[in-house]
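Visitor:
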Amino acid sequence: MSAPAEPQPTVFVIDDDADLREALSSLFRSVGLQVKALATAPEFLQIKLPEGPTCLVLDVRLPGLSGLDFQAELSRTKIDIPIVFMTGHGDIPMTVRAMKAGAVEFLPKPFRDQDMLDAVQTALERDRGRRKSAGETAKLRASFDTLTAREQEIMGLVTAGLMNKQIAGQLGVSEITVKVHRGNVMRKMNARSLADLVRMADALGVRRAPP
Amino acid sequence: MRRRAKAGSGPGKPVRGKSVAVRRRRVASAKAVRSRPTPASRRESELARLKRERKEIVDQQHATAEVLQLISDSSGDLEPVFASILASAVQLCDAHNGVINRWDGHALHLAATHNMPEAFIEVRRNSPYRLEENSATVRLLKRKGPIHIADLANDQAYLAGNPSTVAAVELGGVRTALAVPLLKENELVGSFTVGRRVVRPFTARQIKIVQTFAAQAAVAIENARLLHELQETLQQQAAAAEVLKIVSRSTYDLQAVLDTLIELVARQCGADLAAIHPERSYFSAYSIYGGPEDHKQVAGGVAFEPGDGSVMARTAREGRPVQVADVLADPGYKLHEVQQRLGYRTVLGVPLLREGRPVGIIVLMRSTVRPFTEQQIVLAQNFAAQAVIAIENTRLLTELRWRTDELIRSVEELERERNNKLMNLEAMVASISHEVRQPLASIASNGGAALRFLGHAPPNIGEVRLALNRMVNDSHRASQVFDNIRALFGKADREYEPIDINDLVRGVLNSLQRELDDHGIETGHDLASDLPLVTGHRGQLQEVLINLIRNAIEAMHADDSNRRLLQLRTGPHGGNRIFVAVEDSGPGIDAVQLESIFDAFVTTKAQGMGLGLALSRMIIDRHAGQLSAAPAEPRGSIFRIVLPGRPGSDANS
Numbered sequence: 001m002s003a004p005a006e007p008q009p010t011v012f013v014i015d016d017d018a019d020l021r022e023a024l025s026s027l028f029r030s031v032g033l034q035v036k037a038l039a040t041a042p043e044f045l046q047i048k049l050p051e052g053p054t055c056l057v058l059d060v061r062l063p064g065l066s067g068l069d070f071q072a073e074l075s076r077t078k079i080d081i082p083i084v085f086m087t088g089h090g091d092i093p094m095t096v097r098a099m100k101a102g103a104v105e106f107l108p109k110p111f112r113d114q115d116m117l118d119a120v121q122t123a124l125e126r127d128r129g130r131r132k133s134a135g136e137t138a139k140l141r142a143s144f145d146t147l148t149a150r151e152q153e154i155m156g157l158v159t160a161g162l163m164n165k166q167i168a169g170q171l172g173v174s175e176i177t178v179k180v181h182r183g184n185v186m187r188k189m190n191a192r193s194l195a196d197l198v199r200m201a202d203a204l205g206v207r208r209a210p211p
Numbered sequence: 001m002r003r004r005a006k007a008g009s010g011p012g013k014p015v016r017g018k019s020v021a022v023r024r025r026r027v028a029s030a031k032a033v034r035s036r037p038t039p040a041s042r043r044e045s046e047l048a049r050l051k052r053e054r055k056e057i058v059d060q061q062h063a064t065a066e067v068l069q070l071i072s073d074s075s076g077d078l079e080p081v082f083a084s085i086l087a088s089a090v091q092l093c094d095a096h097n098g099v100i101n102r103w104d105g106h107a108l109h110l111a112a113t114h115n116m117p118e119a120f121i122e123v124r125r126n127s128p129y130r131l132e133e134n135s136a137t138v139r140l141l142k143r144k145g146p147i148h149i150a151d152l153a154n155d156q157a158y159l160a161g162n163p164s165t166v167a168a169v170e171l172g173g174v175r176t177a178l179a180v181p182l183l184k185e186n187e188l189v190g191s192f193t194v195g196r197r198v199v200r201p202f203t204a205r206q207i208k209i210v211q212t213f214a215a216q217a218a219v220a221i222e223n224a225r226l227l228h229e230l231q232e233t234l235q236q237q238a239a240a241a242e243v244l245k246i247v248s249r250s251t252y253d254l255q256a257v258l259d260t261l262i263e264l265v266a267r268q269c270g271a272d273l274a275a276i277h278p279e280r281s282y283f284s285a286y287s288i289y290g291g292p293e294d295h296k297q298v299a300g301g302v303a304f305e306p307g308d309g310s311v312m313a314r315t316a317r318e319g320r321p322v323q324v325a326d327v328l329a330d331p332g333y334k335l336h337e338v339q340q341r342l343g344y345r346t347v348l349g350v351p352l353l354r355e356g357r358p359v360g361i362i363v364l365m366r367s368t369v370r371p372f373t374e375q376q377i378v379l380a381q382n383f384a385a386q387a388v389i390a391i392e393n394t395r396l397l398t399e400l401r402w403r404t405d406e407l408i409r410s411v412e413e414l415e416r417e418r419n420n421k422l423m424n425l426e427a428m429v430a431s432i433s434h435e436v437r438q439p440l441a442s443i444a445s446n447g448g449a450a451l452r453f454l455g456h457a458p459p460n461i462g463e464v465r466l467a468l469n470r471m472v473n474d475s476h477r478a479s480q481v482f483d484n485i486r487a488l489f490g491k492a493d494r495e496y497e498p499i500d501i502n503d504l505v506r507g508v509l510n511s512l513q514r515e516l517d518d519h520g521i522e523t524g525h526d527l528a529s530d531l532p533l534v535t536g537h538r539g540q541l542q543e544v545l546i547n548l549i550r551n552a553i554e555a556m557h558a559d560d561s562n563r564r565l566l567q568l569r570t571g572p573h574g575g576n577r578i579f580v581a582v583e584d585s586g587p588g589i590d591a592v593q594l595e596s597i598f599d600a601f602v603t604t605k606a607q608g609m610g611l612g613l614a615l616s617r618m619i620i621d622r623h624a625g626q627l628s629a630a631p632a633e634p635r636g637s638i639f640r641i642v643l644p645g646r647p648g649s650d651a652n653s
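These protein sequence lines are chains A and B, in that order.
Anchor point for the first sequence: position 175 equals 175 in this note's numbering, and the numbering is continuous, going up by one each time.
Anchor point for the second sequence: position 150 equals 150 in this note's numbering, and the numbering is continuous, going up by one each time.
1) Should Val11/A be flagged as near chain B, meaning a C-beta pair shorter than 9 angstroms?
2) Just how far apart, CA to CA, sit Ile246/B and Phe283/B?
3) Can you list the residues of chain C that Arg477/B reaches, using a CB-CB cut of under 9 angstroms?
4) Hey, quick one: how far does the alpha helix (DSSP H) through His525/B stretch, first residue to last?
5) Compute the beta-carbon to beta-carbon distance between Ala217/B and Phe82/B, rounded to the nearest angstrom, for a pair I have assumed lies under 8 angstroms.
6) May I ask you to report which of helix, strand or coil DSSP gives Gly98/B?
7) For Gly332/B, count neighbouring Cβ atoms within 10 angstroms of its own Cβ and tell me buried if that reaches 16, exposed if not.
8) Could you have a look at Ser637/B and say whether DSSP puts it in helix, strand or coil?
9) What does Leu74/A touch in chain B if you count any residue whose Cβ is under 7 angstroms from its own?
10) Between Ala37/A and chain B, is the shortest Cβ-Cβ distance under 9 angstroms, so that the two count as touching?
11) Taking Cβ positions only, does Gln480/B come closer than 9 angstroms to chain A?
12) Rounded to the nearest angstrom, what separates Tyr496/B and His537/B at their Cα positions?
13) Bridge partners for Met365/B per DSSP, in chain order?
14) Decide if the region 306-322 of chain B is in contact with the region 333-350 of chain B; the criterion is three or more beta carbon pairs, one per stretch, under 8 angstroms apart.
15) Which of helix, strand or coil does DSSP assign to Ile408/B?
16) Is there a C-beta anywhere in chain B that falls below 9 angstroms from the one on Gln121/A?
17) Is the Cβ of Asp474/B closer than 9 angstroms to any Cβ of chain A?
18) If you reduce the DSSP assignment to three classes, tell me which class Ala195/A lands in.
19) Confirm, please, whether the CB-CB distance from Ser616/B to Glu543/B is below 9 angstroms.
20) I need the straight-line Cα distance from Asp59/A to Phe85/A, nearest angstrom please.
21) Relative to the alpha-carbon of Ala240/B, which residue among Ile389/B, Trp103/B and His106/B has its alpha-carbon at the smallest distance?
22) Using a Cβ-Cβ distance under 9 angstroms, would Ser433/B count as near chain A?
23) Here's the rule I'm using: 16 or more other beta-carbon atoms within 10 Å means buried, otherwise exposed. How should Met155/A be labelled?
24) Taking all protein chains shown into account, do 16 or more other C-beta atoms lie within 10 angstroms of the C-beta of Trp402/B, making it buried, or fewer, making it exposed?
25) Please list, in chain order, all residues of the same chain as Ala487/B whose beta carbon is under 8 angstroms from its beta carbon, the five residues on each side excluded.
26) If the cut is a Cβ gap below 9 angstroms, which residues of chain A does Leu440/B touch?
27) Just to confirm before moving on: does the CB-CB distance between Ala150/B and Arg130/B stay below 9 angstroms?
28) Assuming the contact rule is C-beta atoms closer than 8 angstroms, Val31/A and Leu117/A should be a hit. Round their C-beta distance to whole Å, please.
29) Taking Cβ positions, are Ile391/B and Val350/B nearer each other than 9 angstroms?
30) Quick check: what's the CA-CA separation for Arg320/B versus Leu352/B?
31) Name, please, each residue of chain B whose Cβ falls closer than 7 angstroms to the Cβ of Asp196/A.
32) So for Gln46/A, helix, strand or coil by DSSP?
33) Quick one: does Phe639/B have its CB under 9 angstroms from some CB of chain A?
34) Do Thr165/B and Pro201/B come within 9 angstroms of each other at the CB atom, strictly closer than that value?
35) So, using beta-carbon positions, are Pro108/A and Thr137/A closer together than 9 angstroms?
36) Can you check DSSP and say which residues form a bridge with Met428/B?
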């Protein structure tokens with residue numbers, strides 16, 4: 001809804017009750033969301049996740065594997081997707097466990113349709129944010145990869161707060177050479193200032209420890 | 001002299017007699033000095049007489065003091081006291097011999113002699129003086145005063161041939177005899193006699209001396225009696241206190257109480273071996289004391305056999321103490337083997353009487369022939385009474401404890417039943433609410449969707465219609481939940497009928513065949529014939545079975561690694577009960593969860609109208625059966641229903 005270029009968000013519904021699956025699908029479609037409804041958790045693991053923001057609407061009690069176990073399973077396999085839980089029982093300890101493990105919302109059945117839509121919007125927003133920061137880091141990584149090995153080394157030392165003279169001494173090159181490399185780094189990384197470069201070095205994890 | 005005897009005869013104060021005697025001696029000396037103005041010869045002889053008399057008095061006082069000292073030191077042992085009194089009396093009165101007899105209410109028994117021949121002693125020991133006899137001593141007893149017979153050989157009793165008088169004269173060699181009664185508060189307790197082998201009557205002074213010694217002998221007897229009584233009372237009190245202590249300390253352990261008790265009795269009564277034989281119908285603890293290591297085994301088998309063959313049997317029959325001085329000399333005694341192995345001779349049986357009936361017997365035994373005294377028998381009877389109290393006490397307390405336990409058990413039972421009912425109710429409510437929440441959530445979602453599709457421009461009427469249709473279905477589904485529940489539980493009790501469990505299993509398998517096929521599950525069944533019918537609600541039992549099978553399907557659905565196999569079995573379960581087992585090849589239930597799976601909130605999610613394990617268990621409970629879960633081999637779970645069979649019914653299928 002924010003960026004016009006953004007692919008359509010998708011809501012995954014997992015519930016073994018076919019009636020409820022259809023009802024939820026209809027509800028999400030009515031607000032223009034794409035829906036994929038599944039009867040069991042293992043089916044979800046076989047699906048390739050779409051490009052756009054996604055979230056999961058999940059019953060805590062699934063046949064075989066419980067919703068909470070599935071949540072743990074996802075986090076183990078590094079599938080980072082926000083989850084909205086539904087439950088048929090007022091099960092407080094389970095709620096606490098789910099929220100601690102990062103669930104967006106825990107809705108007891110029967111829930112208000114608006115509460116469900118709000119929870120899903122929050123979940124999608126969270127996924128969107130995650131995707132954005134993941135995208136930025138990927139861009140930085142690409143720029144960093146264009147640097148020569150020496151330039152990468154000098155970027156680490158500069159952002160650690162070393163003077164050109166110190167760097168030259170440490171690498172056994174002239175101060176002029178350091179200046180040239182440093183100019184290249186600023187340009188290739190598209191950094192506006194030293195502070196900007198430090199932030200990038202932090203995001204990439206290439207900043208050397210200060211002397 | 002009479003007064004002096006009195007002064008020394010205060011019962012319980014024998015020691016004071018000594019100082020009294022010393023004072024009298026001074027008085028006597030003063031008297032000797034006063035008689036003076038007489039002719040020389042007369043004075044001489046008078047002086048000699050006075051000297052002699054004074055010596056006599058001094059001797060007598062010495063003797064008295066000695067006797068009193070003896071009495072106070074004797075601690076109840078009369079023999080040395082009597083010997084000393086007799087010796088003193090005989091010597092001071094210039095007699096030859098003397099006898100002390102004791103009166104037991106019926107006869108005079110020989111208690112001590114001085115200077116009497118053995119033959120006389122033997123005769124006298126075996127024939128106590130009896131009242132009906134007309135002997136000199138007996139006359140004396142009747143008079144309660146001294147009798148002085150100058151020549152016993154001329155006495156009417158001797159002439160009449162009275163045997164004891166004849167013995168005195170012919171065996172004892174007595175001619176002149178002086179007999180004085182031993183009195184206690186004017187009651188006869190014995191006699192004191194001195195005699196001479198020649199006919200020479202005693203002087204008045206000598207008679208008084210004998211009376212004094214007789215009074216001392218009476219004091220000694222009383223003193224000894226009191227001491228004895230005191231000792232006995234103290235002993236019994238100590239024993240009683242000990243027993244009470246044991247009884248109160250180990251109330252439930254009768255064996256320990258009786259073990260201690262028998263040891264006490266044995267010690268107090270001077271028995272070498274002892275036992276408490278129980279009348280087994282009343283109590284069973286069998287306690288022994290002393291004897292060889294196998295005493296218990298040897299004598300434990302001896303029972304209350306009626307007859308004359310054992311002291312136990314005789315005691316049981318008589319209901320009072322029975323003593324056999326020497327079992328070897330008793331022709332009726334039959335327990336020869338036991339006797340040989342334990343080696344006892346004298347046996348005393350004392351019954352434990354409860355309401356006059358013997359409930360056990362204390363048996364006291366001595367390895368030599370040495371009968372128990374009257375006092376020891378009384379003591380043993382006291383112990384027997386205490387043993388009965390201890391036994392009764394323990395019996396009552398045990399019964400009380402048993403009843404208390406019983407009460408606690410039934411209270412716990414009630415509590416459990418109540419909890420079960422509450423849990424069942426909770427399970428029911430949870431199940432129903434779970435069943436209803438599902439369609440309600442659908443209705444809310446469909447309603448929200450319909451409203452939003454209506455708000456689209458243009459309104460998406462197609463979607464709205466679909467949503468509304470689903471809402472209608474969902475409301476039917478919700479009300480179906482209640483219909484089903486009412487069908488299951490409404491007036492259920494009146495719909496109980498005889499059911500062939502195998503038919504029920506086949507029917508349910510048939511109805512679920514498609515579902516099983518859809519999940520690729522193989523089914524097998526092993527149904528026992530000749531099973532009794534059960535009484536139950538067909539619909540409810542079907543529901544339970546459907547629920548268990550659906551559970552199995554779900555369990556195997558989550559697990560795709562293996563061949564999926566569902567096994568149904570029926571069979572007898574002991575005591576006219578039958579079982580139905582539903583076994584799956586799923587991943588199984590972990591041990592921790594085994595019991596909690598039946599709780600309301602742990603039910604696996606129900607599909608359709610599955611009521612969950614909690615309700616299944618509730619239904620089986622209502623059928624007086626059990627529903628349990630266990631791990632299967634090599635994997636999977638077995639759910640087992642046990643139901644009572646109809647009384648007297650056998651299968652007909």
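C-beta: ideal position from N, C-alpha, C; glycine also.
Just so it is clear, the structure is predicted and the values come from calculations on it, not from any experiment.
Guide: Short version:
1) no
2) 18 angstroms
3) The structure shown contains no chain C; the protein chains it does contain are A and B.
4) Premise fails: His525/B lies in the beta strand (DSSP E), Glu522 to Leu527, not in any alpha helix (DSSP H).
5) 7 angstroms
6) strand
7) exposed
8) strand
9) Correct list: empty, because the minimum Cβ distance to chain B is about 17 angstroms.
10) no
11) no
12) 5 angstroms
13) Leu273/B and Val347/B
14) yes
15) helix
16) no
17) yes
18) helix
19) yes
20) 6 angstroms
21) Ile389/B
22) yes
23) buried
24) exposed
25) Gly539
26) Lys109 and Pro110
27) no
28) 6 angstroms
29) no
30) 9 angstroms
31) Here the premise fails: no neighbours, minimum Cβ distance about 45 angstroms.
32) coil
33) no
34) no
35) no
36) The partner list for Met428/B (beta bridge, DSSP) is empty, contrary to what the question assumes.
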